[in-house]
Amino acid sequence: MQQVFTRPASLKDVQTHFCPGCHHGTYHRLVAEAMDEFGVQSRTIGVASVGCSVFLYSYFDIDVVEAPHGRASAVATGVKRARPDSFVFTYQGDGDLAAIGTAEIIHAANRGEDITVFFVNNTTYGMTGGQMAPTTLVGQRTSTSPYGRKREKDGAPIRMAELLAQLDGVAFSARVAVNNPRNLMDAKKQIKKAVRYQAEGKGFSFIEALSACPTNWGMNPIAANERVGTEMCDYFKLGVFKNTADL
Amino acid sequence: MTKRLFVKGNEAVAMAAVEAGCRYYFGYPITPQSDIPEYLSRELPKLNGEFIQAESEIASINMLLGASATGVRAMTSSSGPGISLKQEGISYMAGSELPGVIVDICRSGPGLGGIDASQADYFQAVKGGGHGGYHIVVLAPSSVQEMYDLTMLAFDLADIYRMPVMVMADAVVGQMKEPLVPHKRPDTPLPPKEWAVRGIGDGGQRVVKSLYLGDGELEAHNWKLHAKYQLLRENECRWEEFETDDAELLVTAFGSAARIAKTAIMMAREEGLKVGLLRPITLFPFPEKAYALLTGECKRVLDIELSTGQMIEDVRLSVAKDTEVYFYGRPPGAGSLPTPEEILEQIRKYY
């Protein structure tokens, strides 16, 4: 019998701590598949961030450096400059990358660091228990926006993929989702590009990955998955915002 | 290399870093240390190294963290306000057992303060300025030659003990010019960096981290770090003694304050006063035994600092029983650097 589906070699054979219905596990798999496809696993150095993504080293079979909250792209800069032949990526959540780490991500992108950044946007701080994030949608109730996020007080949710696409140093910026098979297949394609471009030395690649967070949204996995396709995709449009790598 | 150069203290730091094999520098401009990044921005590219002027001190300490995690020799430098910003990263480096050299050319504070020499960042450097309870090695040069020698030593100690090492000087030592005799880096045996990340193609998975959530893991990790600090206390204390043999008053000071004190002691000796100097070179580990030993005979100590008194706490904890510890300090700021005559007056007062 021919085996047609298997665990990517870049992932360990372990259970994750992710909640049922969370999309982190799916993104882990897509990233690992892309690493396998381009044969970069053995020379990959991942940079873990703070939040639900911190256990990168428990799930990926790669070398990992753990960064302070928000600083992953600065840590990755140091890693890549010291070992330019390595495949270096960060995997960060929205609180980490779009709030406390805004300066670091903008300047790493602007320098055009030859790294790949996977940014998982679930509109909340997952690990700390569902507080308001810079990506929390207007009106969304969280544990620190109990009356709903207010645009006039909290500002509008920040669109990182579009924002970074403005910078000359960025070679590739896209937003993807995995809430349905069509989106998942496209996400797979874009993630592969983001890995390939670094393998080819094309420069800074950024993937914003929309994710459900059923636990902190107070939804069941099916309702949370639907919210990604409706409310989230309405505000955070899927697509490629910049691609100078293939020009 | 027997040539004699006439250079600034900050330049000596940068030259020593290059000689020590450091090829990666990450920093942000701040007075009075900017000669260091300026020198390295010129020299490192010639050596296939990397110089990054980061967007902040926070980014630069984290770039250092990342580069050090790969096993290369790397450094950053700053001064008071910037060193405050680096504390987060220093704590993570200490927790992750990463080597790395941090140069602190102290200026005066608190807040924006001023750009004059100060020793008021002693607590921040020596007591673990970031969160979580840790130490880093702190070296306190008092001359341009020592800026060179101790920077080189800093890289070795960082690699041997797998921890951040700070070279802490101030605006006086950083900015003044003195003769320097550069030399090759010493042939110190160094442990292999088997822990460094380089991709699993070269062995099993390596993880550089400071998060320990398993039952008992973090406690064990902290005891492991503590054991290193004990080892440092036993093996790496460095200090200078000057005219201490027959001293009836022991002056103690570090860095630039010790230079002024030394001149005052020579003036006092000319007056027939038996005064000596104990100058700690390592502020952590603090040379406790040297204090205990010298105050076995000499029961009067005069501590001099460019602050309202910080090292004096460690001096009091280290001296032999029944030792009287006096203090003279000038908080930093324009016009506050004491003259040798001023110190001599204090020597006469407490002699």
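As given, the protein sequences belong to chains A and B, one line each in that order. Per my numbering, the very first residue in the first sequence carries number 784; after that it's consecutive. Per my numbering, the very first residue in the second sequence carries number 25; after that it's consecutive. Ideal Cβ positions, reconstructed from N, Cα and C, are used throughout, including at glycine. Model, not experiment: these values are computed from the prediction.
Is it the case that the Cβ atoms of residue i and residue j are separated by a distance below 8 Å?
{"i": "methionine 915 (chain A)", "j": "threonine 927 (chain A)", "result": "yes"}
{"i": "phenylalanine 278 (chain B)", "j": "leucine 307 (chain B)", "result": "yes"}
{"i": "methionine 335 (chain B)", "j": "tyrosine 63 (chain B)", "result": "no"}
{"i": "methionine 190 (chain B)", "j": "valine 162 (chain B)", "result": "yes"}
{"i": "lysine 985 (chain A)", "j": "alanine 939 (chain A)", "result": "no"}
{"i": "asparagine 904 (chain A)", "j": "phenylalanine 989 (chain A)", "result": "no"}
{"i": "threonine 827 (chain A)", "j": "valine 961 (chain A)", "result": "no"}
{"i": "alanine 857 (chain A)", "j": "threonine 94 (chain B)", "result": "no"}
{"i": "isoleucine 371 (chain B)", "j": "alanine 271 (chain B)", "result": "no"}
{"i": "valine 837 (chain A)", "j": "glutamate 849 (chain A)", "result": "yes"}
{"i": "serine 115 (chain B)", "j": "glycine 90 (chain B)", "result": "no"}
{"i": "aspartate 194 (chain B)", "j": "cysteine 130 (chain B)", "result": "yes"}
{"i": "tyrosine 374 (chain B)", "j": "valine 343 (chain B)", "result": "no"}
{"i": "methionine 99 (chain B)", "j": "alanine 164 (chain B)", "result": "no"}
{"i": "aspartate 868 (chain A)", "j": "glutamine 229 (chain B)", "result": "no"}
{"i": "lysine 233 (chain B)", "j": "serine 120 (chain B)", "result": "yes"}
{"i": "arginine 324 (chain B)", "j": "leucine 242 (chain B)", "result": "no"}
{"i": "threonine 175 (chain B)", "j": "valine 37 (chain B)", "result": "yes"}
{"i": "serine 102 (chain B)", "j": "glutamine 148 (chain B)", "result": "no"}
{"i": "tyrosine 840 (chain A)", "j": "valine 833 (chain A)", "result": "no"}
{"i": "lysine 360 (chain B)", "j": "aspartate 140 (chain B)", "result": "Note on identity: in this sequence residue 360 (chain B) is serine, with lysine being the wrong assignment. Their beta carbons are under 8 Å apart, which means serine 360 (chain B) touches aspartate 140 (chain B) by this criterion."}
With DSSP as the reference, please indicate the residues paired to residue i in a beta bridge.
{"i": "phenylalanine 75 (chain B)", "result": "B:Tyr49"}
{"i": "asparagine 904 (chain A)", "result": "A:Leu993"}
{"i": "arginine 958 (chain A)", "result": "A:Glu991, A:Gly1022"}
{"i": "methionine 335 (chain B)", "result": "DSSP output for methionine 335 (chain B) lists no bridge partner at all."}
{"i": "isoleucine 126 (chain B)", "result": "B:Thr100, B:Met190"}
{"i": "phenylalanine 266 (chain B)", "result": "B:Leu301"}
{"i": "glutamate 348 (chain B)", "result": "B:Arg324"}
{"i": "arginine 932 (chain A)", "result": "A:Val921"}
{"i": "valine 161 (chain B)", "result": "B:Val189"}
{"i": "aspartate 846 (chain A)", "result": "A:Ile828"}
{"i": "lysine 32 (chain B)", "result": "B:Lys201"}
{"i": "valine 871 (chain A)", "result": "A:Ile828"}
{"i": "phenylalanine 308 (chain B)", "result": "B:Val162"}
{"i": "valine 37 (chain B)", "result": "DSSP lists no partner for valine 37 (chain B)."}
{"i": "leucine 794 (chain A)", "result": "A:Phe843"}
{"i": "methionine 915 (chain A)", "result": "A:Thr907"}
{"i": "glutamate 392 (chain B)", "result": "Residue 392 (chain B) lies beyond the range of chain B shown here (25 to 375); nothing can be said about it."}
{"i": "glycine 153 (chain B)", "result": "None, per the DSSP bridge assignment."}
{"i": "glycine 1012 (chain A)", "result": "None, per the DSSP bridge assignment."}
{"i": "threonine 899 (chain A)", "result": "A:Phe872, A:Ser988"}
{"i": "valine 196 (chain B)", "result": "DSSP lists no partner for valine 196 (chain B)."}
{"i": "valine 953 (chain A)", "result": "A:Phe987"}
Run the CB neighbour count on residue i, radius 10 Å, all protein chains shown included, and call it buried at 16 or more, exposed below.
{"i": "histidine 811 (chain A)", "result": "buried"}
{"i": "tyrosine 930 (chain A)", "result": "exposed"}
{"i": "glutamine 254 (chain B)", "result": "exposed"}
{"i": "arginine 979 (chain A)", "result": "buried"}
{"i": "methionine 117 (chain B)", "result": "buried"}
{"i": "glutamine 785 (chain A)", "result": "exposed"}
{"i": "lysine 248 (chain B)", "result": "exposed"}
{"i": "lysine 976 (chain A)", "result": "buried"}
Smallest Cα separation from residue i: which of the options?
{"i": "phenylalanine 987 (chain A)", "options": "A:Thr925, A:His800, A:Arg934, A:Ala948", "result": "A:Ala948"}
{"i": "aspartate 269 (chain B)", "options": "B:Ile305, B:Leu256, B:Thr319, B:Gly113", "result": "B:Thr319"}
{"i": "alanine 220 (chain B)", "options": "B:Val325, B:Asp346, B:Leu122, B:Gly73", "result": "B:Leu122"}
{"i": "serine 84 (chain B)", "options": "A:His852, A:Ala831, A:Thr860", "result": "A:Thr860"}
{"i": "leucine 88 (chain B)", "options": "B:Pro56, B:Arg47, B:Arg66", "result": "B:Arg47"}
{"i": "isoleucine 974 (chain A)", "options": "A:Ile845, A:Phe843, A:Thr899", "result": "A:Thr899"}
{"i": "tryptophan 263 (chain B)", "options": "B:Ala271, B:Pro213, B:Leu302", "result": "B:Leu302"}
{"i": "cysteine 835 (chain A)", "options": "A:Gly909, A:Ala815, A:Glu935, A:Phe902", "result": "A:Gly909"}
{"i": "valine 1023 (chain A)", "options": "A:Asn966, A:Ala982, A:Ala995", "result": "A:Asn966"}
{"i": "isoleucine 367 (chain B)", "options": "B:Asp194, B:Arg283, B:Tyr116, B:Glu348", "result": "B:Arg283"}
{"i": "glycine 104 (chain B)", "options": "B:Arg97, B:Ser92, B:Ser120, B:Ile126", "result": "B:Ile126"}
{"i": "proline 356 (chain B)", "options": "B:Leu235, B:Gly133, B:Gly198", "result": "B:Gly133"}
{"i": "arginine 222 (chain B)", "options": "B:Ser92, B:Pro56, B:Val42", "result": "B:Ser92"}
{"i": "cysteine 805 (chain A)", "options": "A:Ser832, A:Arg894, A:Ala995", "result": "A:Ala995"}
{"i": "glycine 853 (chain A)", "options": "A:Ser869, A:Asn1008, A:Ala831", "result": "A:Ala831"}
{"i": "threonine 363 (chain B)", "options": "B:Lys313, B:Ala285, B:Glu295", "result": "B:Ala285"}
{"i": "arginine 932 (chain A)", "options": "A:Gly913, A:Leu950, A:Leu946, A:Glu896", "result": "A:Gly913"}
{"i": "cysteine 802 (chain A)", "options": "A:Asn1008, A:Lys936, A:Thr918, A:Phe902", "result": "A:Asn1008"}
{"i": "phenylalanine 50 (chain B)", "options": "B:Pro56, B:Glu43, B:Ser80", "result": "B:Ser80"}
{"i": "alanine 982 (chain A)", "options": "A:Thr907, A:Phe870, A:Ile888", "result": "A:Phe870"}
{"i": "glycine 73 (chain B)", "options": "B:Val96, B:Glu202, B:Leu256, B:Ile60", "result": "B:Val96"}
{"i": "glutamate 202 (chain B)", "options": "B:Leu256, B:Ser167, B:Arg354", "result": "B:Ser167"}
{"i": "histidine 159 (chain B)", "options": "B:Met192, B:Pro206, B:His250, B:Gly113", "result": "B:His250"}
{"i": "isoleucine 328 (chain B)", "options": "B:Ala144, B:Leu214, B:Gly225", "result": "B:Ala144"}
ask   = What are the complete alpha helix (DSSP H) segments, minimum 4 residues, inside the stretch 234-286 of chain B?
value = 241-259
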